[in-house]
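This report refers to the structure that appears directly beneath it.
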Amino acid sequence: MNCLSDKTLREYAAGILDAEATASAYAHICSCDKCRAKFADLIESKRAIWSIGCNLLEIDNCPEYEELSDFVSEKLAKDAAERVRIHIAQCEYCHRDVESIQKIRSKASLSGKLEVYPGKFSTHRERHWVSVGWRALAGTAAAAVVIAAVFLTQPTAKSPSGSIQTAAKPNTNIGITHAKPNAKIATSNNNTFSTQKRPIQTAA
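Whatever position you read off the sequence shown (first residue = 1), add 2 for my numbering.
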């Protein structure tokens, strides 16, 4: 007998398998202790993660998965059903659980083979204490998230630097030198000029 993959278990829990696959998964979970335990752990983990959001929204005392299943089956007493109805109207996470249960049962009923009751998959009642531990851990994690968010959003003022950068002053010590005229060139030019001024002597 081949066990269900983790992906199939997640899709079954989310109610997105078709009717035939849902019926087949349900039959396998009922007959396989390993997959039944994995499915129960999956539900507990999902509820623990979602309870972080409930704590952030200050929505406490989420019903157990079995109680939500009984609510869908209309097996709860009138007062309990009304309490669950009010809670799921405020809690997005429990509302998703109820929708998931309804999808699973709807698809299983289409196959005409069985009635899906996720509450039957839970193990012994001591799982309730595991759930309580998860909720305590989730509450601590939620508080840590809030503290980290507050800390990270605080503006941090940078202290001014002790050394102030100033623009470099221009160098005013640059000496200006005047080039001396070339004496040879000047002499040559004078000689040339004087030669041109001499009168031309002609023979008598």
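In this text, a Cβ means the ideal position worked out from N, Cα and C, and glycines have one as well.
Here the structure is a predicted model, which means the values were calculated and not measured.
Per-residue burial, residue i [other beta carbons within 10 Å of its own, 16 or more giving buried]
i	result
I88	exposed
N184	Bear in mind that the predicted position of N184 carries a pLDDT of just 49, short of 50, making it too unreliable to give a figure here.
I79	This sequence places Ala at residue 79; Ile is not what is there. Burial call: exposed.
D72	buried
Whole-angstrom distance between residue j and residue i, CA atom to CA atom
i	j	result
S102	E13	10 Å
N63	C93	10 Å
A21	Y28	11 Å
A39	R107	20 Å
C5	E84	39 Å
G17	C32	17 Å
C34	P65	27 Å
V86	D8	30 Å
A82	L19	30 Å
C96	E68	12 Å
T24	A15	10 Å
E76	K48	24 Å
Anticipated Cβ contact below 8 Å, residue i with residue j, distance rounded
i	j	result
V74	I90	With a Cβ gap of about 10 Å, V74 and I90 do not count as contacting.
Beta carbon of residue i nearer than 8 Å to that of residue j
i	j	result
L70	L44	no
Cβ shell of residue i (< 6 Å), same chain only, five flanking positions each side left out
i	result
K105	G17
Same chain, Cβ closer than 7 Å to residue i, neighbours up to 5 away in sequence not counted
i	result
K36	C5
Same chain, Cβ closer than 8 Å to residue i, neighbours up to 5 away in sequence not counted
i	result
I176	For I176, the pLDDT reaches just 48, beneath the cut-off of 50, and the residue's location in the model is therefore unreliable, although a value from the coordinates is still provided. Within the same chain, I176 has no close Cβ partners at all.
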